[in-house]
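Below: the structure, in structure tokens.
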Amino acid sequence: MNMSLDKAEVHTRVLEVLQRFLTRSGKPASIAGGSDVRTLGIDSLGFTELIFDLEDEFHVDDRSITDDMIANVRTVDDLTDMVLAASARS
Amino acid sequence: MSPGESHDVVITGIGAASPIGLGVDAFWSALCSGKSGVSTVRRFDPSPYTCTSAAQIDDITKSPYYEAGHGVHDRVTTLALAAAAEATKQARIQTDSADSHDFGTYVGTGIGGVETHEYESERFRTSRRVHPAAILKVMCNATAARVAALYKFTGPSVTFTTACASGSQAIGEAFLAIRRGGIQLAIAGGTEAPLSEPLYAGWDAMRVMSRWSGEAAGACRPFSADRSGLVLGEGSAFVVLESAAHAAARGAPVLGRLRSYATNTTISHPTAPDASQEARLIRRAIEDAGLRPEDIAFVSAHGTGTLANDIAETRALHEAFGPHARRLQISSGKAQIGHTLGAAGAFGLVTGLLAVRHGIAPPTANLITPDPQCDLDYMPIEPRPLARPGCALINAFAFGGTNVALIVEPPGGLS
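Line by line, the protein sequences give chains A and B.
Start counting the first sequence at 1; every next residue gets the next number (our numbering).
Start counting the second sequence at 91; every next residue gets the next number (our numbering).
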């Protein structure tokens, strides 16, 4: 369990993970908290890879991020909230 | 083009990413100079193993044909993308061509994405997690899928996994598809990145790997009395094949003509070669092309540097060619690039094509003391001009028994 995660720090690291993912995928983009992740050219497979990277970054158990949580993600801020919620469940 | 006709198949592009050179020019120059790509294994500590050498590509990103931004792949696909890019560039492929449904992708790989398999297996052991892209990187058809998507080829995308004959088989099957009129053009070749430690340990356990104790560059010694076994190598080679009519219609450069593909199977043993079956294969390839044995000037030998292969291949050449066998100029590039397994036959075709195009037979490096049982002209140490114009025969004999022979003719024909 990791209850000490600071939201601002999580947000910064989520942006970094996303930026690295986009660069690696050949789709670099300028992103911010309100960016719609569905418009960044990430397909469904790519999204599973991004979730995997976030699980690695935050040491979140992969069963803590549910399909419902993923389905509700629209923006980068949603990703941050998803990580915080999953972290609380881990 | 209508099915039922037989169509001439020409080669309009070639590409190579090898341990002795990135790009065909670098590969050919190094091959003829005898340069060795074999060195002490750097990917892991090889000291526990009998063989400590391999032919490695230091940095594929230094290839003039390497392009970043095509996503993340296993090394086996990364190497292939560099070789395929060179071949398609030379062939001046238009990737948005309207007839790309008649364009096929034919790839040979013996083992697919083994580096990813090793990495993800280790991750699984330590964390019980596996990356979601792992399957798509490991699967043997990952390379064909990526090449087809990159060049927008919507015809057949096929992968051949017949061990050391995979690359030859992929090229041969593409040849048949074009000759029969099923497709007009194909990117075809082989790729392998086998230097994963568990796999290396498996090869070592088979006791077929080099026991050479001298400098690493001398570890693979095909047709030598002091041969010591095979050395693994990594790399990729591709060709663009198309019907002669299609190439002429679009003004593509014709580098040579693929004349024949024959394949058969040795069933007596999974690893032991059968000289008679190999000879039958070679005769079939020559006859199918409507050629005579005398039309073959050069042989790119399978030439692994194992006792069983060297002796059997020599016997097969004697049996297939009769007296003409002694006039053949024969060499094995495996002394320099190692055994690239699924890519080996594709490198063989590139070598055979360049030999008959340039009229030069590359050497067999490290062949200082010929094995008396290998009593043919195996081109020791130095390249020599071809004694006469002719075709090249490319041999590939695989574990599991698959045998493949290809024959390539220079662009101006045999006259």
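Glycine residues also receive a C-beta, built at the ideal position from the N, C-alpha and C atoms.
Keep in mind the model is a prediction, meaning the values are calculated, not measured.
Check the C-beta distance from residue i over to residue j and give it rounded, since I have them as a contact under 8 Å.
{"i": "B/V330", "j": "B/G502", "result": "Actually they are not in contact, since the Cβ atoms of B/V330 and B/G502 sit about 19 Å apart, beyond 8 Å."}
{"i": "B/P284", "j": "B/L322", "result": "6 Å"}
{"i": "B/L121", "j": "B/P460", "result": "With a Cβ gap of about 20 Å, B/L121 and B/P460 do not count as contacting."}
{"i": "B/L442", "j": "B/V494", "result": "Residue identity check: residue 442 of chain B is Gly in the sequence provided, not Leu. The Cβ separation is near 13 Å, so there is no contact."}
{"i": "B/F313", "j": "B/Y468", "result": "4 Å"}
{"i": "B/T281", "j": "B/L169", "result": "5 Å"}
{"i": "B/Y351", "j": "B/F265", "result": "5 Å"}
{"i": "B/A309", "j": "B/V128", "result": "5 Å"}
{"i": "A/D43", "j": "A/R74", "result": "Rounded, the Cβ-Cβ distance is 16 Å, inconsistent with contact."}
{"i": "B/E171", "j": "B/R236", "result": "In the sequence as displayed, the identity of residue 171 of chain B is Leu instead of Glu. Indeed they touch by this definition, with Cβ atoms about 7 Å apart."}
{"i": "B/T233", "j": "B/T199", "result": "6 Å"}
{"i": "B/I357", "j": "B/A406", "result": "Going by Cβ atoms, the distance from B/I357 to B/A406 rounds to 16 Å, so no, they are not a contact pair."}
{"i": "B/G279", "j": "B/A174", "result": "7 Å"}
{"i": "B/V99", "j": "B/R347", "result": "7 Å"}
{"i": "B/G124", "j": "B/A455", "result": "5 Å"}
{"i": "B/C464", "j": "B/R301", "result": "B/C464 to B/R301, Cβ: 19 Å. No contact."}
{"i": "B/R447", "j": "B/L345", "result": "7 Å"}
{"i": "B/V440", "j": "B/A116", "result": "Wrong, their Cβ atoms sit about 12 Å apart, outside the cutoff."}
{"i": "B/A387", "j": "B/Q367", "result": "Actually they do not touch by this definition, with Cβ atoms about 24 Å apart."}
{"i": "B/D400", "j": "B/R297", "result": "At roughly 16 Å, the Cβ-Cβ gap does not stay under 8 Å, so B/D400 and B/R297 are not in contact."}
{"i": "B/T512", "j": "B/N231", "result": "Residue 512 of chain B lies beyond the residue range present for chain B, which begins at 91 and ends at 505; the question has no answer from this structure."}
With distances taken between CB atoms, is the gap from residue i to residue j smaller than 8 Å?
{"i": "B/Y155", "j": "B/I261", "result": "no"}
{"i": "B/S126", "j": "B/G194", "result": "no"}
{"i": "B/L342", "j": "B/A398", "result": "Reading off the sequence, residue 342 of chain B comes out as Ala, not Leu. Not a contact, by the Cβ cut-off of 8 Å."}
{"i": "B/V220", "j": "B/E210", "result": "yes"}
{"i": "B/A307", "j": "B/T130", "result": "no"}
{"i": "B/H414", "j": "B/A486", "result": "no"}
{"i": "B/S153", "j": "B/G325", "result": "no"}
{"i": "B/K227", "j": "B/H163", "result": "yes"}
{"i": "B/L476", "j": "B/A445", "result": "yes"}
{"i": "B/I268", "j": "B/Q274", "result": "yes"}
{"i": "A/V76", "j": "A/V10", "result": "no"}
{"i": "A/L22", "j": "A/L40", "result": "yes"}
{"i": "B/F489", "j": "B/P360", "result": "yes"}
{"i": "B/P473", "j": "B/I458", "result": "no"}
{"i": "B/T517", "j": "B/T394", "result": "Because chain B is modelled from 91 through 505, residue 517 of chain B falls outside the range shown and cannot be assessed."}
{"i": "A/E49", "j": "B/A223", "result": "yes"}
{"i": "B/R270", "j": "B/A425", "result": "no"}
{"i": "A/S87", "j": "A/F58", "result": "yes"}
{"i": "A/S90", "j": "A/D67", "result": "no"}
{"i": "B/A410", "j": "B/A369", "result": "yes"}
{"i": "B/S286", "j": "B/V204", "result": "yes"}
{"i": "B/A565", "j": "B/A402", "result": "Residue 565 of chain B falls outside the range modelled here, since chain B spans only 91 to 505, and no answer is possible."}
From the DSSP output, which residues share a beta bridge with residue i?
{"i": "B/T249", "result": "B/V197"}
{"i": "B/Q259", "result": "Per DSSP, none; premise fails for B/Q259."}
{"i": "B/I497", "result": "B/S350 and B/L483"}
{"i": "B/I386", "result": "B/C481"}
{"i": "B/V128", "result": "B/A145"}
{"i": "B/L429", "result": "According to the sequence displayed, residue 429 of chain B carries His and not Leu. Paired residue(s): B/L322."}
{"i": "B/R474", "result": "B/A451"}
{"i": "B/V100", "result": "B/E332 and B/R347"}
{"i": "B/A106", "result": "B/A327"}
{"i": "B/L266", "result": "B/L266 pairs with nothing; no bridge assigned."}
{"i": "B/S421", "result": "B/S390"}
{"i": "B/T492", "result": "B/T355"}
{"i": "B/P460", "result": "B/S314"}
{"i": "B/G111", "result": "B/S108"}
{"i": "A/T75", "result": "A/D36"}
Which ranges does the alpha helix (DSSP H) cover as unbroken runs of at least 4 residues, wholly within the region 272 to 299 of chain B, from first to last along the chain?
Qualifying alpha helix (DSSP H) stretches, in chain order: 287 to 295.
Would you call the region 472 to 483 of chain B in contact with the region 332 to 340 of chain B, where contact means no fewer than 3 C-beta pairs closer than 8 Å?
no
Three Cβ pairs or more, each shorter than 8 Å: is that satisfied between the region 7 to 17 of chain A and the region 51 to 59 of chain A?
A contact between stretches requires three or more CB pairs, one per stretch, nearer than 8 Å, and the region 7 to 17 of chain A meets this requirement with the region 51 to 59 of chain A.
If we require 3 or more residues per run, which beta strand (DSSP E) segments fall completely within the region 284 to 371 of chain B?
325 to 333 and 346 to 355
Would the region 430 to 440 of chain B count as touching the region 374 to 381 of chain B if we require 3 or more Cβ pairs under 8 Å?
Touching, no.
Where are the alpha helix (DSSP H) runs, 4 residues long or more, that stay fully inside the region 202 to 242 of chain B, in chain order?
204 to 217, 224 to 228 and 232 to 241
Between the region 420 to 434 of chain B and the region 140 to 148 of chain B, can you find at least three pairs of beta-carbon atoms closer than 8 Å?
yes
Which full runs of the alpha helix (DSSP H) of 4+ residues lie inside the region 147 to 180 of chain B, going along the chain?
165 to 180
So within the region 6 to 62 of chain A, which uninterrupted alpha helix (DSSP H) runs reach at least 4 residues, ignoring any that extend past its ends?
For the alpha helix (DSSP H) assignment, the uninterrupted runs of no fewer than 4 residues enclosed by the region 6 to 62 of chain A are, from N- to C-terminal side, 7 to 24 and 44 to 58.
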